[in-house]
Ligand SMILES: Cc1cc2nc3c(=O)[nH]c(=O)nc-3n(C[C@H](O)[C@H](O)[C@H](O)COP(=O)(O)OP(=O)(O)OC[C@H]3O[C@@H](n4cnc5c(N)ncnc54)[C@H](O)[C@@H]3O)c2cc1C
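Numbering (this note's numbering), first residue to last: 124 to 512.
This is the structure we're talking about:
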């Protein structure tokens, strides 16, 4: 088999890149380790930046997001028993859309099927070859048969645990990492959200977040210990703990219901550089991870895809390698700013086991500054809705 761009992974990065390339007449094949149902069953991000929404429109799959997604003009920060709203609309004239990653994935998969582009699900033992030459290839096994895909370029969109990043030699790849000493315990429940907008709470018992997926479905999180197991947390215990971390009004409005998804996610900041080696490009979680506090993971995958798609268009439509050569630097400049914001929000809102009295005072001063300074709020708003591409 031969294609122009072989894409490894059918998460948001791989599917979005595939859709954009297909719409511009660039042939591509996606190889995905899991089944389509498995990919659609993963519950993950839910906040969509304007730039990501524009990319989904460009890919021709934004209609359902605009009709079913919830436009949020701001967020609320809760600390010291009170809530403080930060209005993106008033401060910078922008907003975000709350629309689940699962739905984005479904829209992209349907768009891809309608365009007749090839996705090989359950592609096992994918391996990359000759990435330093201009005739790279990908080998894999499908339904027990060994296959080889020749291509011009490989896009490694296979997430943090994928093989693409590991195909870059250690002598070339540099990684930067921070692991946080806590996790997020999250549940999905069919109950209305406690508030129209997201509530991020800093409490002495730990961080909490009241998010949502729709007017009838809540996504709720509490900071937990890395030693905790999901089985330790009955729904009753979860709601009890969440209520203690919220302000009185939010706690009153919280409607406990039976959760239908419950998981613990560790928090990590991670960046691998460079994002290009020979004919291989990394995009999305394959290259970087952010703690979910700033809602940036999915959005960074989309901005990488923007730069990569533009670079490949330059190559195929204008015969220029400039975009390809600049891809890693351009994408990383934005990645590091989102890493900074996600790290900063995480540091400001969580309880760190080792924190001293000094650390806590600094955290309070940070929150108080954000509450009282319009300049600080503008900076927050600009980063939260997403920096320009
Ligand atoms: C549990 C969890 C919760 C999250 N919650 C949030 C959140 O609340 N907010 C937020 O902003 N972000 C969140 N994220 C991050 C966000 O979901 C990711 O940033 C986003 O999915 C990145 O998209 P991606 O396409 O780069 O990678 P992925 O979505 O990871 O997709 C990679 C794809 O590659 C496939 N793959 C892996 N290995 C191979 C292989 N060897 N061969 C072929 N295919 C392979 C995988 O099966 C997967 O389909 C969460 C992530 C996780 C894991």
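We put the beta carbon where it would ideally sit given N, CA and C, even for glycine. Quick caveat: nothing in here was measured; it's all calculated off a predicted structure.
Original post:
Should residue 156 be counted as a contact of ligand 1 given a C-beta to heavy atom distance under 6 Å?
Top reply: Yes, Cβ of residue 156 sits closer than 6 Å to a heavy atom of ligand 1.
Original post:
Alpha carbon to alpha carbon, what distance is there between residue 152 and residue 401?
Top reply: Note on geometry: alpha-carbon atoms of residue 401 and residue 152 lie some 19 Å from one another.
Original post:
Whose C-alpha, out of 150, 309 and 148, is nearest the C-alpha of residue 416?
Top reply: Here the closest residue by C-alpha is 309.
**OP:** Please state whether DSSP places residue 513 in a helix, a strand or coil.
**Re:** The structure shown does not extend to residue 513, since the chain is modelled only from 124 to 512, so the question has no answer here.
Subject >> Environment of residue 304 [buried if 16+ CB atoms lie within 10 Å] >> reply: When all chains shown are included, residue 304 counts as exposed.
**OP:** Measure the C-alpha to C-alpha separation of residue 254 and residue 356 and round it to an integer number of angstroms.
**Re:** Distance between the alpha carbons of residue 254 and residue 356: 46 Å.
Original post:
Would a C-beta distance cut-off of 7 Å place residue 184 and residue 220 closer than the cut-off?
Top reply: No, they are not a contact pair.
Original post:
CB of residue 280 to nearest heavy atom of ligand 1: below 6 Å?
Top reply: Correct: residue 280 has its Cβ closer than 6 Å to ligand 1.
Original post:
Just the Cα atoms here: how many angstroms apart are residue 381 and residue 224?
Top reply: Between the C-alpha atoms of residue 381 and residue 224 there is a straight-line separation of about 22 Å.
Original post:
Of the residues 124, 490 and 144, which one's Cα is nearest the Cα of residue 440?
Top reply: Comparing Cα-Cα distances from residue 440 to each of 124, 490 and 144, the minimum goes to 144.
Subject >> Cut-off 6 Å between Cβ atoms - residues of its own chain near residue 379, not counting five sequence neighbours on either side >> reply: Correct list, in chain order: 362.
Original post:
Taking only runs of the alpha helix (DSSP H) that begin and end inside the region 363–449, which ones reach a length of at least 4 residues, in chain order?
Top reply: Qualifying alpha helix (DSSP H) stretches, in chain order: 371–376 and 420–441.
Original post:
Short check: CB of residue 247 to CB of residue 262, under 7 Å?
Top reply: At least 7 Å separates the beta-carbon of residue 247 from that of residue 262.
Original post:
Based on Cα-Cα distance, which residue from 351, 187 and 326 lies nearest to residue 222?
Top reply: If we check each option's Cα against that of residue 222, 187 comes out closest.
**OP:** Return yes when at least one heavy atom of ligand 1 lies under 6 Å from the C-beta of residue 421, else no.
**Re:** Yes; taking the cut-off as 6 Å, the Cβ of residue 421 has a heavy atom of ligand 1 nearer than that.
Original post:
Taking one C-beta from the region 190–202 and one from the region 234–252 each time, how about it: are there three or more such pairs within less than 8 Å?
Top reply: These segments do not touch.
Original post:
Mind checking whether the beta-carbon of residue 249 lies closer than 6 Å to any heavy atom of ligand 1?
Top reply: At a cut-off of 6 Å, the beta-carbon of residue 249 counts as near ligand 1: some heavy atom of the ligand is closer than that.
**OP:** Report the rounded CA-to-CA distance for residue 286 versus residue 312, giving the unit in angstroms.
**Re:** Cα to Cα, residue 286 sits roughly 34 Å from residue 312.
Subject >> Contiguous beta strand (DSSP E) assignments of at least 3 residues, all confined to the region 241–276 >> reply: Listed in chain order, the complete beta strand (DSSP E) runs (minimum 3 residues) inside the region 241–276 are 241–243, 247–252, 260–265 and 268–273.
Subject >> Sub-7 Å separation of residue 428 and residue 411 beta-carbons >> reply: Not a contact, by the Cβ cut-off of 7 Å.
**OP:** Identify, in the order they occur along the chain, each residue of the same chain with its Cβ nearer than 6 Å to the Cβ of residue 492, setting aside the five sequence neighbours on each side.
**Re:** Leaving aside the five residues that flank residue 492 on each side, the residues in its chain whose CB is nearer than 6 Å to its CB run, in chain order, 499.
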